[in-house]
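Asker: Protein chains in written order, with my numbering: chain A, 6 to 385; chain B, 146 to 231. Don't be surprised by glycine CBs; every beta carbon is placed ideally from N, CA and C. The structure that follows is given in the form of structure tokens.
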Amino acid sequence: MIDLGRRIARDMAAPFADEVDAKARFPAEGLGALRKERLLGALVPTEVGGLGRSLDDVAALCDVLGQHCAATAMIFAMHQIQVACLVRHGMGTPALRDYLGDIAEQQLLIASVTSEVGVGGNTRTSVSALLRQGGRYSLTKDATTVSYGEYADDLLITTRRAPDAPPSDQVLVLARKGDFQLEKKGEWDTLGMRGTCSPAMYVTASGSEEQVLPVPFADISGQTMVPVSHILWSSLWLGIATNAVARAAAFTRTEARKKPGTMPPTAMRLAELSNTLQLLRASVHDVANEAGQLMSSGNTHALSSMSFALRMNNLKISSSQLALQIVQQALLICGIHGYKNNTPYSLGRHLRDACSAALMVGNDRIYNTNASLLLVVKDE
Amino acid sequence: MLDDIRAILREHGRLAIDQLGNDTDLYLAGLTSHASVNVMLALESRFDIEFPDHMLRRSVFESISSMHAAIEEIKQSETTQVTVAS
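Right under this line is the structure:
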């Protein structure tokens, strides 16, 4: 499957990546190819028609897609995070189980509505609340960013369990096409990740009460949404860094061939860079592997522990920092050829896309959470 | 011990604890992750214990009863260690 991913990345994402970035347009070609190969249903269990792949497999796909088009990779990652939540916490509800089958059959694309005006980047707080009547729910939500919302089929939305529920008492709700409206409240004109099309949206949604996931969002968040997010994002950032190093390496080899027998000055920098990339790769794979095993063995105990949360947070922070650092160093190697656009060594898009990593969610917020955890976690 | 736990929840958990039963879900009552860390610290200080990592999970701090049970468990295992040592 990884070869398939590589082919899709090279043939259907890479050729359009620069244009997707320049025009801030949805990477329809890449997503189309992913759909054609049934990869939107990669995490959906085979018993309901999906590919039944593991978190590791999907992480590897995010890496290879990230090497060629970070926007395609991010959209794919965000979708898989929502699917993971449904698979791990919704298979027990008939309506949600059937929906997972629909994802696999129709290759439906799901967008996440977790951000909200008034809560900053704190996804464990909601202002909006669920209203219920006659077996149906309804809600409105002022979301600060909905990635590819305009292009998604369905939405997974966080909201307060009820109008009288405290801000942190949240549920996760599925809204299907036809049952929600998105009112665009701005444009998506950003430094990087331009093809993810993530403007602010005012969301109005309703649906059957069966579409409210039965598990408290606190548990979904800790056991699935946060770890899967951090692992898939880190994997695609690793992809960006990997391609940046590949370009720096190609440049260095081109220089070396001009004067065989001499060591180009950039070769030493490339040696340093290769080392840093290996560090990032090892970290991402190690944590992804641990989380994947805990998830596939259903170890809720370990998945809901504070020490697990600490490790997942650390992965996000270090990956976001290392990926950007690697791209910057690759740029130093490629020099003007990396600085210019439209050369085989261009690194502008990589740099701008990598800049998003420390901001989604803001690293300071995560450091603060970790500081709090470290007051009690002994990390035995 | 239950009164001490309630006092800590009132002060550090910022909950209107008098209205809540021993088995009431504290998260549904408004206990946040951040406040629960402060509660954990206060409990460690008050009862002179350390929560081992395997007990640092949401379910342990979900209710007054679950916290009480956890503290009892830690105190008992500490007693056992002391007995073994001497």
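Checking 8 Å against the spacing of the C-beta atoms, do A/L329 and A/A82 come in under that value?
Answerer: no
Asker: Under DSSP, the alpha helix (DSSP H) around A/F31 begins and ends at which residues?
Answerer: Looking at the DSSP string, A/F31 is not in any alpha helix (DSSP H), and its letter there is neither H nor E.
Asker: Thinking just about the alpha-carbon of each residue, which of A/R43, A/A14, A/G97, A/N304 is nearest to the one in A/A65?
Answerer: A/A14
Asker: Three or more C-beta pairs under 8 Å: does that hold for the stretch 308 to 324 of chain A against the stretch 149 to 157 of chain B?
Answerer: no
Asker: For the alpha helix (DSSP H) containing A/M311, list its first residue and its last residue.
Answerer: First-last of the alpha helix (DSSP H) with A/M311: 311 to 339.
Asker: If contacts are defined as beta-carbon pairs under 8 Å, then A/A76 and A/M198 qualify, I think. What distance do you get, rounded to the angstrom?
Answerer: Contact holds; Cβ gap of about 6 Å.
Asker: According to DSSP, is A/R137 part of a helix, a strand, or is it coil?
Answerer: strand
Asker: Compile a chain-ordered list of the residues in the stretch 162 to 192 of chain A whose CB is closer than 7 Å to at least one CB of chain B.
Answerer: Within the stretch 162 to 192 of chain A, contact with chain B at the beta-carbon level (separation under 7 Å) is assigned to P171, S173, D174.
Asker: Just tell me which of A/E42, A/A22, A/F21, A/A100 has its CA closest to the CA of A/I7.
Answerer: A/E42
Asker: Quick check on A/R286: does DSSP put it in helix, strand or coil?
Answerer: Shown here, A/R286 sits in a helix according to DSSP, grouped into three states.
Asker: Tell me A/Y142's beta-bridge partners as DSSP assigns them.
Answerer: A/Y142 pairs with A/R137, A/G212.
Asker: Can you tell which of A/G97, A/R129, A/Y153, A/A47 has its C-alpha closest to the C-alpha of A/I108?
Answerer: A/A47
Asker: Do A/K182 and A/M206 count as a contact pair if the criterion is CB distance below 8 Å?
Answerer: With respect to A/K182, A/M206 sits apart: the two C-beta atoms are not nearer than 8 Å.
Asker: So that I know if they touch, is there some Cβ in chain B lying closer than 8 Å to that of A/L320?
Answerer: Interface residue (Cβ-Cβ distance to chain B less than 8 Å): A/L320 is not classified as such.
Asker: For A/H306, decide whether its Cβ has a neighbour in chain B, counting only Cβ atoms nearer than 8 Å.
Answerer: By this cut-off, A/H306 is an interface position.
Asker: Given that A/A134 touches chain B, what residues does it touch there, using C-beta distances under 7 Å?
Answerer: What A/A134 touches in chain B: nothing, since even the nearest Cβ is about 14 Å away.
Asker: Give me the residue from A/H235, A/E24, A/E52 with the minimum Cα distance to A/N347.
Answerer: A/E24
Asker: Against chain A, which members of the stretch 181 to 206 of chain B pass a CB distance test of less than 8 Å?
Answerer: V182, M185, L186, E189, E195, F196, P197, D198, H199, L201, R202, R203, S204
Asker: Which residue marks the beginning of the beta strand (DSSP E) containing A/L165, and which one marks its end?
Answerer: In the sequence under discussion, the amino acid at residue 165 of chain A is Arg, which differs from the Leu named in the question. Counting along the chain, the beta strand (DSSP E) containing A/R165 begins and ends at 159 to 165.
Asker: Please state the DSSP three-state secondary structure of A/K189.
Answerer: In the structure shown, A/K189 adopts extended strand secondary structure according to DSSP, grouped into three states.
Asker: With the cut-off set at 8 Å, would you say A/A157 and A/L114 are in Cβ contact?
Answerer: Taking 8 Å as the Cβ cut-off, A/A157 and A/L114 qualify as a contacting pair.
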